[in-house]
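Numbering (the numbering used here), first residue to last: 323 to 376.
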Amino acid sequence: MDPGKHVQNTLTVEEITDNVSLNANYLTRLLKHCTGMTTLQFLTSLKSKLLPCF
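1. On the criterion of 16 or more Cβ atoms from any shown chain inside 10 Å, does residue 353 qualify as buried, or is it exposed?
2. Specify the secondary structure class of residue 368 as computed by DSSP and reduced to three states.
3. Roughly how many angstroms lie between the CA atoms of residue 335 and residue 350, to the nearest whole one?
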């Protein structure tokens, strides 16, 4: 998955899991456990960090 291609697009959990071969529920729980953020919070944070690069 090319992060630059998706920086300004809205990604869904299903689109992410299709690319990383994880179950959507598992990814959601994993992100919450590891980062303390929901999937939406994590993606928003990631986009804000990547956006200046593009």
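Cβ coordinates follow ideal geometry from the N, Cα and C atoms, glycine included.
To lay it out plainly:
1. buried
2. helix
3. Distance between the alpha carbons of residue 335 and residue 350: 8 Å.
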